[in-house]
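See structure below.
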Amino acid sequence: MRKIAILVLDTPIPGLKEKYGDFGDQGIAMLRQSKIAEKYDFVKFTTVGEFEHPSLQELKDGVYDAVYLSGSRSDSFDDSKPWIRELVAYLREIIQLQACDKSFKVKLIGVCFGHQVIGRALGLPVGRNSLGWEIGINKVVASGSFKETFDTTDFYIVEMHRDIVKSGDLPQGWNLIGSTDKCSSQGFYWANHVLSFQGHPEFSTQFTNDLVEKRYEDGGFSKEIYEDVIERGKQFRNDGANLSDVIMRFTEEEGK
1 MRKIAILVLD
11 TPIPGLKEKY
21 GDFGDQGIAM
31 LRQSKIAEKY
41 DFVKFTTVGE
51 FEHPSLQELK
61 DGVYDAVYLS
71 GSRSDSFDDS
81 KPWIRELVAY
91 LREIIQLQAC
101 DKSFKVKLIG
111 VCFGHQVIGR
121 ALGLPVGRNS
131 LGWEIGINKV
141 VASGSFKETF
151 DTTDFYIVEM
161 HRDIVKSGDL
171 PQGWNLIGST
181 DKCSSQGFYW
191 ANHVLSFQGH
201 PEFSTQFTND
211 LVEKRYEDGG
221 FSKEIYEDVI
231 ERGKQFRNDG
241 ANLSDVIMRF
251 TEEEGK
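Sequential numbering from 1 applies to the sequence shown in the UniProt record's numbering.
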């Protein structure tokens with residue numbers, strides 16, 4: 001069996017973990033919606049805090065085909081947390097190997113926080129979005145080589161963020177996958193190497209509703225935000241299942 005390393009970048013959410021597990025469990029459940037995933041085993045690493053991860057030597061030896069970076073409630077730019085600094089440095093080394101070593105075949109997959117730390121590894125600025133939170137199911141207008149490769153025009157994905165990768169020059173071969181009204185950097189695509197999403201393809205509509213309801217009850221979100229998310233869940237489809245197939249097709253890409 002081929003393997004994908006799942007880096008879990010947050011602790012489980014109290015009150016939701018019993019039903020949904022942690023962000024790594026949700027990522028695995030999403031990926032397994034694709035038939036391609038039948039070829040793969042998924043190995044979880046608790047990266048938050050202690051920074052567990054596959055060694056670079058394991059990646060060079062081909063033990064894992066891809067590294068998946070989960071979302072997190074932490075700020076991706078919070079360098080007061082050693083594990084975040086270590087993660088960014090680790091990703092920088094992986095991206096350097098991808099660019100310079102033709103024998104290195106490991107792919108990077110990132111969602112939300114995972115997308116943002118990939119941006120940091122590239123040297124792009126990451127911080128608060130001046131337009132505020134982007135929450136609930138939103139339409140992403142696909143663009144660039146991502147749109148062409150995966151024959152995708154628009155897709156609907158759950159957003160749950162107020163931090164973004166800000167504008168900056170991308171290395172040769174890198175493209176943005178699309179944009180929304182609130183965020184121009186909805187993910188990266190570097191063929192055969194990197195695919196990331198600012199949104200959460202792993203979040204079901206029901207989980208999103210439950211999470212936002214909990215945040216509303218805890219005083220984190222306003223009633224207006226809560227009601228808007230519920231309405232978006234009724235109005236728009238959630239393309240998580242379709243995106244699982246896109247991600248798994250990406251893991252099968254070959255070439256440099």
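Built from N, CA and C at the ideal position, the CB exists for glycine as well.
Open item on the list: Pairs of beta-carbons, one from the stretch 137 to 153 and one from the stretch 213 to 227, closer than 8 Å: are there three or more?
Closed with: no
Open item on the list: Among the candidates Lys166, Ile247 and Ile36, whose CA atom is the shortest distance from the CA of Val126?
Closed with: Lys166
Open item on the list: Nearest by alpha-carbon distance to His53: which of Ile6, Ala99, Ile13 and Asp101 is it?
Closed with: It is Ile6.
- [ ] Could you check what DSSP says for residue 272 in three-state terms: helix, strand or coil?
- [x] There is no way to answer for residue 272, as the model of the chain reaches only from 1 to 256.
Task: Whether Ile118 touches Val106 by CB criterion (8 Å) - done: no
- [ ] Inspect the beta-carbon positions of His115 and Gly187 and report whether they are closer than 8 Å.
- [x] yes
Task: Where the beta strand (DSSP E) containing Gly110 begins and where it ends - done: Lys107 to Val111
Open item on the list: Please report the distance separating the alpha-carbon of Met160 from that of Arg92.
Closed with: Using only the alpha carbons, I get a separation of about 25 Å.
TODO: From the DSSP output, in three-state form, read off Gly178 for me.
DONE: strand
TODO: State the Cα-Cα distance for the pair Glu86 and Ala121, rounded to the nearest angstrom.
DONE: So the two alpha carbons sit approximately 11 Å from each other.
Open item on the list: Is it buried or exposed, Glu227, if we count other Cβ atoms within 10 angstroms and call 16 or more buried?
Closed with: exposed
Open item on the list: Taking a contact to mean a Cβ-Cβ separation below 8 Å, would you say residue 343 touches Gln57 in this structure?
Closed with: Residue 343 cannot be examined here, being either before or after the span of the chain that is shown, 1 to 256.
Task: Under 8 Å between C-beta atoms of Gly71 and Val111 - done: yes
Open item on the list: Please state the DSSP three-state secondary structure of Ile13.
Closed with: coil
Open item on the list: Suppose you measure from the CA of Asp101 to the CA of Ser130; what does that come to, to the nearest Å?
Closed with: 39 Å
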